[in-house]
Amino acid sequence: MTEVLQGAAATRQALISTALKLFGEFGYNAVSTRQIADMANANIGSIAYHFGGKPGLMRACAKYVIAVMEQQFGHSALDPIPEDITRAEARKELLDSLPILITKITDRQDAEQISAFMMRHISQPGEAYDILYEEFLQPLQIRLSTLIGRATGRDPASEEVRVLTFTMMGQSTYLRQCKHTVKRSLGWEQLGPDEGKMLLKVLETNFNALIDAYSVD
Numbered sequence: 019m020t021e022v023l024q025g026a027a028a029t030r031q032a033l034i035s036t037a038l039k040l041f042g043e044f045g046y047n048a049v050s051t052r053q054i055a056d057m058a059n060a061n062i063g064s065i066a067y068h069f070g071g072k073p074g075l076m077r078a079c080a081k082y083v084i085a086v087m088e089q090q091f092g093h094s095a096l097d098p099i100p101e102d103i104t105r106a107e108a109r110k111e112l113l114d115s116l117p118i119l120i121t122k123i124t125d126r127q128d129a130e131q132i133s134a135f136m137m138r139h140i141s142q143p144g145e146a147y148d149i150l151y152e153e154f155l156q157p158l159q160i161r162l163s164t165l166i167g168r169a170t171g172r173d174p175a176s177e178e179v180r181v182l183t184f185t186m187m188g189q190s191t192y193l194r195q196c197k198h199t200v201k202r203s204l205g206w207e208q209l210g211p212d213e214g215k216m217l218l219k220v221l222e223t224n225f226n227a228l229i230d231a232y233s234v235d
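Sequential numbering of the sequence shown, starting at 19, is according to this note's numbering.
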């Protein structure tokens with residue numbers, strides 16, 4: 019059951035939701051606090067009250083995105099990999115993560131706004147990027163590199179494994195973030211369960227092939 023916010027909590031969330039949409043669509047510098055407050059039906063002074071100003075609101079948006087992503091991936095998805103994990107177990111855990119990597123950010127109403135915010139700010143160095151990187155992207159990348167390293171028998175911290183990690187992440191990220199292009203190119207009306215199974219099958223084949231190609235004794 020979705021919690022209904024009231025009073026100051028509702029105002030705070032309305033400001034975050036509005037800023038998330040505007041920052042993602044137009045960028046931080048192109049949006050004024052007046053625009054955010056007006057669209058959120060809030061007093062402009064509430065931005066300073068809740069966040070200390072526009073920079074604080076940007077940080078709150080980044081933290082909100084991370085909280086949503088952790089909710090979908092699960093907090094354990096960012097935890098370190100056990101030292102005693104076997105190659106077979108590492109491969110299985112990597113493949114088991116694929117459905118989460120390519121599906122949308124849950125069925126929440128602000129899924130598109132979260133994706134837009136992520137895409138804009140992970141491509142632009144700044145405070146929001148630093149928060150997204152240090153608290154979500156880097157831990158996720160380290161976890162996936164560790165799994166790939168253990169599955170292939172290579173050093174997870176090596177440059178080769180880290181490059182391979184980004185290559186594998188790129189495949190799933192494109193399918194997730196560019197779903198409209200995928201649907202239009204393939205003539206699909208939706209990305210439903212059947213389409214998802216097809217994409218997963220191809221990704222599993224690709225991931226297995228890459229693991230096999232890079233495996234060492």
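For each residue, glycine too, the CB sits at the ideal point set by N, CA and C.
Item	Value
Spatial distance of residue 201 from residue 209 (CA atoms)	7 Å
Sub-8 Å separation of residue 237 and residue 222 beta-carbons	Lying before the first or after the last residue shown, residue 237 is absent from the chain, which here runs from 19 to 235.
Contacts around residue 64, its chain only, beta-carbon distance under 6 Å, and the 5 residues preceding and following it disregarded	29
Inter-residue Cα distance where the pair is residue 219 and residue 207	20 Å
Close-in-space but distant-in-sequence residues of the same chain around residue 138 (CB under 6 Å, 5 per side omitted)	42
C-beta contact flag for residue 150 and residue 140 at 8 Å	yes
Rounded C-alpha distance that separates residue 228 from residue 80	33 Å
Candidates 82, 179, 157 and 184: closest to residue 13 by CA position	Any answer about residue 13 is impossible in this case: the structure gives the chain only from 19 up to 235.
Secondary structure of residue 46, DSSP reduced to three states	coil
Residue range of the unbroken alpha helix (DSSP H) whose run includes residue 152	Premise fails: residue 152 is in no alpha helix (DSSP H) and is neither H nor E.
Residue environment, residue 234, which counts as buried when at least 16 other CB atoms sit within 10 Å	exposed
Residue 124 - DSSP class collapsed to helix/strand/coil	Per-residue confidence for residue 124 stands at a pLDDT of 48, beneath the threshold of 50, marking its modelled position as unreliable; the derived number appears in the next sentence. Three-state DSSP puts residue 124 in coil, outside helix and strand.
C-alpha gap between residue 20 and residue 171, whole angstroms	The pLDDT assigned to residue 20 is 47, lower than 50, so where the model puts this residue is not dependable, and the model offers no usable value.
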